[in-house]
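Peer 1:
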Amino acid sequence: MTLFRAAFGATLLVACLDQAAMATQQNVIFNGTVTATCTLVVATNGTMTVSPDLQSLSSHNSGGSAGTVTLTTTGGVSLSVDPVTLTTVPAADSTAITWTSTYSASGAHTIAETGSSTALTVPGADLVSVHLAGTKGGSNRFANGNYQATVTLRCE
Numbered sequence: 296m297t298l299f300r301a302a303f304g305a306t307l308l309v310a311c312l313d314q315a316a317m318a319t320q321q322n323v324i325f326n327g328t329v330t331a332t333c334t335l336v337v338a339t340n341g342t343m344t345v346s347p348d349l350q351s352l353s354s355h356n357s358g359g360s361a362g363t364v365t366l367t368t369t370g371g372v373s374l375s376v377d378p379v380t381l382t383t384v385p386a387a388d389s390t391a392i393t394w395t396s397t398y399s400a401s402g403a404h405t406i407a408e409t410g411s412s413t414a415l416t417v418p419g420a421d422l423v424s425v426h427l428a429g430t431k432g433g434s435n436r437f438a439n440g441n442y443q444a445t446v447t448l449r450c451e
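Mapped onto my numbering, the consecutive letters of the sequence shown carry residue numbers 296 to 451.
#1: When you compare the CB positions of Thr344 and Ser357, do they come within less than 8 angstroms of one another, or not?
#2: Does the distance from the CB of Ile406 to the CB of Ala414 come in under 8 angstroms?
#3: Report the option in Gln321, Val364, Thr390, Val376 whose CA atom is closest to the CA atom of Ala438.
#4: Helix, strand or coil for Tyr398? Go by DSSP, reduced to three states.
#5: With which residues is Ser351 paired in a DSSP beta bridge?
#6: Of all the options Cys450, Val446, Met317, Glu451, which has the alpha carbon lying nearest to the alpha carbon of Thr382?
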């Protein structure tokens with residue numbers, strides 16, 4: 296009888312091995328959120344040169360150059376420049392300077408030179424050129440010495 300039980304058990308085991316296992320599955324869900332974001336990285340600082348009449352100190356003048364910034368965004372942000380607030384002028388220059396900052400962009404967004412805020416609605420990467428001009432009015436002229444001004448490019 297023990298031999299019979301062993302043989303019956305072995306036969307039952309072999310019969311079960313021939314049966315396919317029951318398949319099962321589950322879905323794994325992934326969620327993600329991308330918020331509106333923008334990164335700015337200064338590539339080069341700008342250079343201002345003086346005009347022949349000494350009334351303009353600008354990155355647009357001959358020999359001057361724009362500052363360049365790489366911009367990467369998800370879209371849904373605005374790009375702008377703040378008014379110049381930080382300047383260094385030589386002591387010999389005591390007359391008023393009117394500072395005007397502007398920017399333009401090329402790449403995923405094409406922005407003609409402006410000083411106003413621009414909405415960036417789509418994602419992408421751009422090269423932003425930042426310009427600065429200082430001007431004197433009336434008979435005032437730029438004096439000899441070193442000038443420095445800081446332009447804040449803002450993406451928010």
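Cβ atoms here follow ideal geometry from the backbone N, Cα and C, with glycine treated the same way. Just so you know, these numbers come straight off a predicted model, no measurement behind them.
Peer 2: For this structure:
#1: What you label residue 344 is simply residue 49 of the sequence shown in a count that begins at 1. What you label residue 357 is simply residue 62 of the sequence shown in a count that begins at 1. In contact: Thr344 and Ser357 (Cβ atoms closer than 8 angstroms).
#2: Against the sequence shown, residue 406 aligns to sequence position 111. Against the sequence shown, residue 414 aligns to sequence position 119. Cβ distance not < 8 angstroms, so Ile406 and Ala414 don't count as in contact.
#3: Reading the sequence shown from its first residue, position 143 is the one you call residue 438. It is Thr390.
#4: Position 103 of the sequence shown holds residue 398. Here Tyr398 sits in strand by DSSP.
#5: Within the sequence shown, numbered from 1, the residue matching residue 351 stands at position 56. Paired residues: Thr430.
#6: Position 87 of the sequence shown, counting from 1, holds the residue named residue 382. The shortest C-alpha separation from Thr382 is found at Val446.
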